[in-house]
Amino acid sequence: MISGGHMLRLHRIRYRVFLWSVLMASPQATAQSAAPGEVTAITGVHVVRLDGSGALEDAVVIVEGDRISRIGRAATTPVPAQAKEIRLNGSWLVPGLMNMHVHFGLVLPGVEGARLAGETDTALVLRMASNARKSLLSGTTTVRLPGEKAHADIALMRAIERGEVEGPRIFSAGEMVDITGGHGARGETHDGPYELRKAVRKEIAAGASWIKIAISGGVATDGGGIAAALMTPDEIEAVIDSAHRFGAKVTAHSGSPVATRDAVNAGIDCIEHGYHLTRDVLRQMKKAGTWYVPTIVVSQPATHPFFERIGSPPWYLERLASVGQNHWNALQMAVEEGVRIALGTDQLPHEPNDGTTATVREALYYVAAGMTPLRALRSATIEAATMLDADEDLGSIEPGKYADIIAVQADPLEDLSALKTIFFVM
Ligand SMILES: [Zn+2]
9 MISGGHMLRL HRIRYRVFLW SVLMASPQAT AQSAAPGEVT AITGVHVVRL DGSGALEDAV
69 VIVEGDRISR IGRAATTPVP AQAKEIRLNG SWLVPGLMNM HVHFGLVLPG VEGARLAGET
129 DTALVLRMAS NARKSLLSGT TTVRLPGEKA HADIALMRAI ERGEVEGPRI FSAGEMVDIT
189 GGHGARGETH DGPYELRKAV RKEIAAGASW IKIAISGGVA TDGGGIAAAL MTPDEIEAVI
249 DSAHRFGAKV TAHSGSPVAT RDAVNAGIDC IEHGYHLTRD VLRQMKKAGT WYVPTIVVSQ
309 PATHPFFERI GSPPWYLERL ASVGQNHWNA LQMAVEEGVR IALGTDQLPH EPNDGTTATV
369 REALYYVAAG MTPLRALRSA TIEAATMLDA DEDLGSIEPG KYADIIAVQA DPLEDLSALK
429 TIFFVM
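In short: position in the sequence shown from 1, add 8, done, that's this note's numbering.
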C-alpha cells in the first residue's frame, strides 16, 4: 500500500488498484500492487452488466493475475482462502471506461499552446506519460490515440505494456497522415495515392494499429473549411486499401457530409466528430456499419470554461460556436438512426469538465441526445471494445476478460451521472 500519487513504485506489476478519495486535480491514490497469479476477491458489490439484464446484486468478483476468473452471488461464490479481499460494500462495479479519441500530447491554440511552443520530443513524452497516468486514475482504462507526434505514443504504449509507466491500454494511430494544406498538417505531407500509401505503411511499421486521416477541415486549425471535402476519393481509397491489407483500421476526421460519403463508400472504419453530418449520410453509415466517435463535448457549452481557462483565441471560439448546433443535431440523428457509436472526447479523459471529467461528461451528453443510460455506457465500454476488435479481452466485466474495473456509488443504469462518483480503479 502506497500513499500519495508521486510515490508509486513500478516493478513488475500486472495491474494496480487505485482508491480515490478526490477526483481529478489532486489524486490521493492509494495503490495496491498484485503479482502475476495473485488472487483478489472484490466483495459486497453489484456488478453492472451490459446485456440489458441490469446489475448482478450482492456479488463477488474473483480476479486471478490480471483477468477475471469468476463472478457470482456472494451466497454461492466463496472467497478463496488465499485471496486478497477488497471490500467495496454497496458499490457498483462498472467496466473501465474506454475513450476512443484522445491526444495525450494535445496542444490547442491560445495561451496554453504558446507556453508549449518549442516543446522538445523528450518533454512531450513526459507530458504524455503524466496525462496517461491521470487518465487511468480517473477511470479511463483504455484509449485510442488518433494522431500524436514523433511516435511518442508508440513509445508510451510499449512502456505501459512493459509496466514501466502507469497508464491505460493504448491503441494508436501514430502520426496523422496529412495532405498538404489539410487540417492539422505540419511537417511532412503526402499527396496522391502513391505518397499516401507510403505514409500509411510507415505508420504501421512504427507500431500503429489505426490510421488517421483528415478528409475535411477542422476547428483547431485553419486548414480548409470544416464542411469542405479536402481529400479526393482516390486518395481516401488508397489509404483504406493500404491499411486494411496490413490489418490496420482507418478513421477520418470529418466535418463534411460529402467527404464522409466518399469515405464510407471506400470502406472506412470510423468517422470522428461529424460536425455537419446529415441524416442521409448517417443512414449510409448505419447500413455500412461505420463507427461514429462524436467528441460532442468539444462543441457544447459545458466545455466553454475549459477554452476560457486555456486562453483560446476569438477565431477559435467562433469556429467552435459555428459547429455547435449542427454537431448536436448530427449526434441526435445518429442516436435515432442507430449508428454504431463509440465514446471519444478529443479532450484529455480526465480533463475537469462541468463538475466531472470530459469522458463522463461526453457520456452524459449521449443520454441528453436520446440514448438510454445502458446504451451510453455501452458506447463507453463494450461498443468501443468491439470497434477495436478487442471485445474478447475488454469492455465488460466477465470471466476471461482483463480486470479493467471501476467502482461507483450508485447504479449507472438508473442514472448515468453515477459515473461522477468513480472512487476505485483496477
Ligand atoms: Zn482530435
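Here a beta-carbon is modelled for each residue, glycine too, at the ideal position from N, C-alpha and C.
No experiment lies behind these values; they were computed from the predicted model shown.
Identified DSSP bridge partners for residue i
| i | result |
| --- | --- |
| Ile-276 | According to DSSP, which records beta bridges pairwise, Ile-276 is partnered with nothing at all. |
| Lys-92 | Thr-48 |
| Ile-79 | Val-69 |
| Leu-101 | Val-55, Ala-415 |
| Ser-180 | Leu-153 |
| Ala-237 | Ser-224 |
| Lys-257 | Trp-218 |
| Val-301 | Glu-280 |
| Ile-349 | Tyr-300 |
| Asn-107 | Val-151 |
| Leu-325 | Leu-325 is not bridged to any residue. |
| Ser-262 | His-281 |
| Leu-64 | Val-55 |
| Thr-365 | Pro-360 |
| Val-185 | Ile-221 |
Cβ-Cβ separation, residue j to residue i (assumed contact under 8 Å), whole Å
| i | j | result |
| --- | --- | --- |
| Pro-407 | Ser-77 | 6 Å |
| Gly-282 | Pro-302 | 7 Å |
| Glu-183 | His-159 | 7 Å |
| Leu-101 | Ile-430 | Rounded, the Cβ-Cβ distance is 11 Å, inconsistent with contact. |
| Ile-219 | Val-258 | 5 Å |
| Ala-415 | Val-53 | 7 Å |
| Ala-106 | Thr-389 | It should be pointed out that residue 106 corresponds to Met in this sequence rather than to Ala. That pair is a contact at about 6 Å. |
| Met-136 | Ile-187 | Contact flag wrong, Cβ pair sits at about 25 Å. |
| Ile-234 | His-284 | 7 Å |
| Val-180 | Ala-216 | Sequence check: residue 180 is Ser here, not Val. Rounded, the Cβ-Cβ distance is 6 Å, consistent with contact. |
| His-261 | Ser-224 | 7 Å |
| Leu-96 | Val-133 | No, Leu-96 and Val-133 are not in contact; Cβ-Cβ is about 35 Å, not under 8 Å. |
| Ala-350 | Ser-387 | 6 Å |
Chain D contact for residue i (CB, 7 Å cutoff)
| i | result |
| --- | --- |
| Ile-223 | Given the protein chain composition of this structure (a single chain), no chain D is represented. |
Cβ-heavy atom distance, residue i to ligand 2, below 6 Å
| i | result |
| --- | --- |
| Asp-423 | Because ligand 2 does not appear in the structure shown, any question about it cannot be addressed here, the ligands present being ligand 1. |
Query raised in the report: Between the stretch 417 to 426 and the stretch 371 to 387, do at least 3 Cβ pairs fall closer than 8 Å?
Result: The stretch 417 to 426 is in contact with the stretch 371 to 387.
Query raised in the report: Can we say the stretch 357 to 366 touches the stretch 337 to 344, given the rule of at least three CB pairs closer than 8 Å?
Result: no
Query - Segment contact flag, the stretch 244 to 252 with the stretch 68 to 88, C-beta cutoff 8 Å, min 3 pairs - result: no
Query raised in the report: Does the stretch 147 to 154 come within contact of the stretch 198 to 212, defined as at least 3 CB pairs closer than 8 Å?
Result: The stretch 147 to 154 is not in contact with the stretch 198 to 212.
Report task. Taking 8 Å as the threshold, find out whether the stretch 204 to 215 comes into contact with the stretch 139 to 150 through three or more Cβ pairs. Result -> In the pairwise beta carbon analysis, the stretch 204 to 215 is classified as not touching the stretch 139 to 150: fewer than three pairs are separated by under 8 Å.
**Report entry** Segment contact, 8 Å Cβ cut-off, at least three pairs: the stretch 265 to 285 with the stretch 308 to 323
**Finding:** no
Requested in this report: Kindly confirm or deny that the stretch 64 to 76 and the stretch 111 to 119 touch, where touching means at least three C-beta pairs closer than 8 Å.
Outcome: no
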